[in-house]
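K.L.:
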Amino acid sequence: MFTGIVQGTGRLAGILQPAPDFRTHIVELPEHMTDNLQIGASVAHNGCCLTITEINGNLISFDLMAETLQKTNLGRLKKGDPVNLERAAKFGDEIGGHLMSGHIIATTVISRIDSNGQNKTVWFELPQALKPYILTKGFIGLDGCSLTVGDVTEQEFNVHLIPETLQRTLFGTRNAGDVVNIEIDPQTQAVVDTVLKFIQNNPQALLQNRTE
253 MFTGIVQGTG RLAGILQPAP DFRTHIVELP EHMTDNLQIG ASVAHNGCCL
303 TITEINGNLI SFDLMAETLQ KTNLGRLKKG DPVNLERAAK FGDEIGGHLM
353 SGHIIATTVI SRIDSNGQNK TVWFELPQAL KPYILTKGFI GLDGCSLTVG
403 DVTEQEFNVH LIPETLQRTL FGTRNAGDVV NIEIDPQTQA VVDTVLKFIQ
453 NNPQALLQNR TE
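So for the sequence shown, the numbering used here puts the first residue at 253; every next one is plus one.
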C-alpha cells in the first residue's frame with residue numbers, strides 16, 4: 253500500500269529488452285530512498301506498484317509486463333526521463349494522503365493548465381468510464397500523487413496544486429498533452445458500485461422514492 257505522498261523523483265537510467273509486452277526499467281533512485289532496499293520490495297512509479305528485481309547501488313531494476321505497459325504511462329518513458337517515486341508504506345507511518353494500492357486503472361491527458369500566482373490548476377480529460385467515481389472534493393491518485401478533485405464538468409476535471417507539490421513531483425514540469433496515470437479512490441468506487449448495483453436490482457424502490 254502507498255499514501256500518495258511522492259517521496260522523490262528518480263531518473264530512468266536504462267531500459268532492457270524493450271518490447272510491447274515486457275521490459276526492464278533501471279531507475280536511479282535518490283539517495284534518501286535507498287535505505288534498507290530489498291529485492292522483492294515494492295516501489296510506486298508514477299503511482300504504479302512495481303517490484304524490485306535487482307539492486308546495484310542506487311540503480312534499481314524493475315520488470316514491467318504487458319498489462320503495466322498497456323494500462324499506464326510507464327511504457328512511454330525514455331532513457332533519462334524522470335518518474336515520481338514512493339516506497340511502500342509501513343505500519344505506523346503517518347498517512348498524509350490517502351491509502352492507494354498502486355494499481356493504475358487508466359490514463360488521461362492534461363487538457364489545459366491555468367496559473368494563478370504560485371498556484372496552478374491542472375485540467376484533465378474525464379474518462380467517461382470513470383465519471384461516476386471522480387467527484388468534487390473526492391480523492392484521486394494522479395501519477396502517484398494523492399490529490400483532491402476540484403471541479404468536475406461533463407468532459408473535464410481539475411486539481412489545484414500548491415508550490416510544494418509542483419516542486420516535489422513531476423507536475424512542476426507537466427504540460428498540456430502529457431499522459432498521466434489515474435488511480436481512483438477504492439472507497440469511493442466501492443460505495444458507488446454498491447449503490448448502482450442496488451438501483452439496478454431494485455428499480456421499483458427508486459421509482460417509489462421519487463413518487464413519495
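C-beta: ideal position from N, C-alpha, C; glycine also.
By how many angstroms is the C-alpha of Pro455 removed from the C-alpha of Lys342?
P.N.:
For Lys342 and Pro455, the distance between alpha carbons rounds to 44 Å.
K.L.:
Which class does Ala265 belong to by DSSP, given the choice of helix, strand or coil?
P.N.:
In this structure, Ala265 counts as strand in the three-state DSSP scheme.
K.L.:
May I have the straight-line CA-CA distance separating Asp287 from Asn310, to the nearest angstrom?
P.N.:
In a straight line, the C-alpha of Asp287 is about 10 Å away from that of Asn310.
K.L.:
Quick one, which of Ile356, Glu406, Leu316 has its alpha-carbon nearest Pro438's?
P.N.:
Of the listed residues, the one whose Cα sits closest to Pro438 is Ile356.
K.L.:
My output table needs one value for Phe343: the three-state DSSP class, helix, strand or coil.
P.N.:
If DSSP states are grouped into helix, strand and coil, Phe343 belongs with coil.
K.L.:
Output the boundary residues of the beta strand (DSSP E) element that contains Leu316.
P.N.:
From DSSP, the beta strand (DSSP E) with Leu316 extends over 311 to 317.
K.L.:
Is the Cβ-Cβ distance between Gly260 and His284 less than 8 Å?
P.N.:
In this structure, His284 lies closer than 8 Å to Gly260 by Cβ.
K.L.:
By Cβ distance, which residues of its chain are closer than 8 Å to Ile291, with the 5 residues on each side in sequence left out?
P.N.:
The answer, listed in chain order, is Ile304, Thr305, Glu306, Ile307.
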